[in-house]
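Right, one structure below, let's go through it.
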Amino acid sequence: MPPVLGVDMNVTWQLVPLAAVISLVYSASRYESSERILRRAGRLFLTILGFMAAVFVLLLVLSFGL
Amino acid sequence: MRAFVAPPHRSLLMTDPRIDLKSPWIAFALAFLIPGAGHLYQGRTFKGLLYMTCILGTFSYGLALGQGHVVYRPTHSSVTNYYGYYAQALVGLPAIPALVQSRRYEPPPMRTEVRNPDHRDSLETEKRDVLEAPLAASFSGRIDSITPAGQRIQGETTGRLALEPAGDNGRAVRGTFAGTLPDGTPVELVLAGPLRIGPKVCASENVRPGEGPPEFSGSRRYLRCEIIDPADDRSIGKLEGTVPRAFWNWFGVPPSSAALDDFNRRLGKVLELALVCTWIAGLLNLLAIWDAVEGPAYGYGDQPPQLEAGAARSLSASGRSPVAAEGSHPRDGQPARVSPAERKD
C-alpha cells in the first residue's frame, strides 16, 4: 500500500482529517457565507478534538495501573 | 376558530433570497450523482468545491485504504448487512457500479434461491474453469515441460497467450503461447486440453492454489493449461500462472468468504477504517443533497449570532426556517440584513 496513505501510523491519527471533513461539510450545510463556514468549521473541529482528547484522558486515567 | 391555510410551497423552503436554488429537482439529482455538482449547477461554487473535495476525497481515501474492495453490495445474508452499502450508495455515481456488479456476479434468479453464507463460494466454484470467449492476454507464471526432443524446459516465463473454447462448454480449450524464459530463450508452445481458470467476474481469488501460502489477487486471474506435442496431441507439460483480469471484472464485485478472510487478515483495522470512511462520505452527502434542495439550514450566515439563536429556537418551536422566522423570507418582504458593524460570530 502506498506510504502516502499513512496506514503505518496509529489509526487514531486518521480521525483528525476525518473530523476536519465532518466539520467542514456540516458547517457548509448550515450557512452560505464562506467566511462563516470556515470559522464555524474551525470551532467545531476544535470541539471534536477536545472531546476526543477528554475521552482519551478519561480512559487513560481509568486504565491507570492496569 | 381560524381555518387552516396551507402555506405557499416556497414558504416551506429554508431559502435566503440571495441564494438561487434554480430547479431543486435538477440540483437534487446532480448532488446525488456527484457530490457538490448540484451546488456548482446553482452557481454556489465555493460550497460545491468544498463538498466535492471533502466527500469524494473521503470516499476515495476509504476506497484506496481498502484496496478497492470495500464498496460492494452483498448478494446474500440479512438486510442489516446491506446498511453499509446503503450508506455508501449515497455518494452516487462512484458507488453505483457495485449494484451492476452484484447483478453480473449473481443473476437475480439465483439470489432468491440460495441464501446461505457459503453460496458465493459455491457460485465461484461453478463459474471456475470455464472459458466464456476467446482469450488473448499477457501471461506470467511458470512453465514445466519436456520437448519432443527430450529437452526439459522449466522456470518462470512471461509472454502472450491465445486460447479459445474447444468444447465441453468452455472447459476444454486450444491455443498457443509465445514467450521467453528468464535467460531470454524464446519458447513457442501449443496448448490444449482441460483448463483451470479463475472466474471471469470475481473480487479476489487465490492465484496460487497449489501448495504454499495462498496469494489472493483481484486484478489477476489464475490459469493452468496443458502443453501438448502438436504431432500427436500428447501432453508434455503444463503452463501455470496468471493473466490480467479487467478492472470492471473485479471492482465492486462482492467477495467470497475466502477473499473476505484474506482482506481481514491483510488489512486488519485498516479495513474497518476504510469502510467507515466510505460510510461517512455517503452520509455527509446526505447533508449536501439537503443543502442543494433546501438551502443552508441556518440561513446565509451574516446575521448576528443572537438573531440566529432566536431564529433557531423559533424554528424548533414552529418548524419554520430561521430565515423565515426573522421575517427575511421573500414572502415576508424584507431580508434580515445587518450592517458589518453588527456582524459578529
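Same order as they appear, the protein sequences are chains C and L. Using this note's numbering, read the first sequence as starting at 6 and increasing by one per residue. Using this note's numbering, read the second sequence as starting at 483 and increasing by one per residue. Even glycine gets a Cβ: it sits at the ideal position worked out from N, Cα and C. Just so you know, these numbers come straight off a predicted model, no measurement behind them.
Selection of the region 537-570 of chain L by Cβ proximity to chain C, strictly under 8 angstroms: I537, G539, T540, Y543, A546, L547 and Q549
L29(C): contacting residues in chain L (beta-carbon distance under 7 angstroms): In the first sequence, counting from the first residue as 1, residue 29(C) sits at position 24. Here the neighbours are L532 and C536.
Complete beta strand (DSSP E) runs within the region 685-769 of chain L (minimum length 3 residues, chain order): 702-711 and 716-726
For L671(L), the three-state DSSP class (helix, strand or coil): One-based indexing of the second sequence puts residue 671(L) at position 189. Residue state, collapsed to three classes: strand.
Distance between beta carbons of C536(L) and V30(C), contact taken as under 8 angstroms: For the purposes of this step, residue 30(C) is identified with residue 25 of the first sequence, where counting begins at 1. For the purposes of this step, residue 536(L) is identified with residue 54 of the second sequence, where counting begins at 1. Indeed they touch by this definition, with Cβ atoms about 5 angstroms apart.
Residue interval of the alpha helix (DSSP H) (run including I27(C)): On the first sequence, position 22 is the one that residue 27(C) refers to. Segment L20 to R35, the alpha helix (DSSP H) holding I27(C).
Which of helix, strand or coil DSSP assigns to Q633(L): The count along the second sequence starts at 1 and reaches residue 633(L) at position 151. Here Q633(L) sits in coil by DSSP.
Helix, strand or coil at S68(C) according to DSSP, with G and I counted as helix: Taking the first sequence and counting its residues from 1, one reaches residue 68(C) at position 63. Here S68(C) sits in coil by DSSP.
Local conformation of E614(L) per DSSP, three classes: Stepping through the second sequence from its first residue, residue 614(L) is reached at position 132. The answer is coil: DSSP assigns E614(L) none of H, G, I, E or B.
contact_flag[the region 516-533 of chain L, the region 773-789 of chain L] where n(CB pairs < 8 angstroms) is 3 or more: yes
Of the residues L51(C), Q19(C) and E37(C), the one placed nearest S28(C), counting alpha carbons only: Position 23 of the first sequence, counted from the start, is the residue given in the question as residue 28(C). Nearest option by C-alpha distance: L51(C).
Cβ distance (whole Å) where P737(L) is taken to contact T557(L) below 8 angstroms: Locating residue 737(L) in the second sequence gives position 255, where the first residue counts as 1. Locating residue 557(L) in the second sequence gives position 75, where the first residue counts as 1. Contact flag wrong, Cβ pair sits at about 10 angstroms.
DSSP bridge partner residues for I625(L) (one or two, in chain order): On the second sequence, residue 625(L) is found 143 positions in, with the first residue counted as 1. Its beta-bridge partners are G637(L) and L721(L).
T724(L) burial status per 10 Å Cβ neighbour count (16 or more: buried): Taking the second sequence and counting its residues from 1, the one referred to as residue 724(L) is at position 242. Buried.
Which of helix, strand or coil DSSP assigns to P556(L): Stepping through the second sequence from its first residue, residue 556(L) is reached at position 74. Coil at P556(L), not helix or strand.
Boundaries (first-last residue) of the beta strand (DSSP E) holding V655(L): By one-based count along the second sequence, residue 655(L) stands at place 173. Its beta strand (DSSP E) spans residues A654 to T662.
Cβ contact check for the region 37-48 of chain C and the region 541-555 of chain L: 3 or more pairs under 8 angstroms: no
Run of the alpha helix (DSSP H) containing T535(L), from where it starts to where it stops: Counting from 1 along the second sequence, the entry for residue 535(L) is found at position 53. Neither: T535(L) is in no alpha helix (DSSP H) and is coded neither H nor E.
Among P22(C), G70(C), T17(C) and E37(C), the one whose alpha carbon lies nearest that of G530(L): Along the second sequence, read from residue 1 onward, the residue named residue 530(L) stands at position 48. Checked all of P22(C), G70(C), T17(C) and E37(C); the closest Cα to G530(L) is E37(C).
Assigned exposure category for E722(L) - 16 Cβ within 10 Å defines buried: Translated into positions along the second sequence, residue 722(L) becomes position 240. That one is buried.
Contact with chain C by L755(L), beta-carbon distance below 8 angstroms: Position 273 of the second sequence, counted from the first residue, corresponds to residue 755(L). By this cut-off, L755(L) is an interface position.
Where Q583(L) falls, given that 16 or more other Cβ within 10 Å makes a residue buried: For the purposes of this step, residue 583(L) is taken as residue 101 along the second sequence, with counting starting at 1. It is buried - the Cβ of Q583(L) has at least 16 other Cβ atoms within 10 Å.
D498(L) at chain C interface by Cβ criterion, 8 angstroms: Walking along the second sequence from the start, residue 498(L) turns up at place 16. By this cut-off, D498(L) is an interface position.
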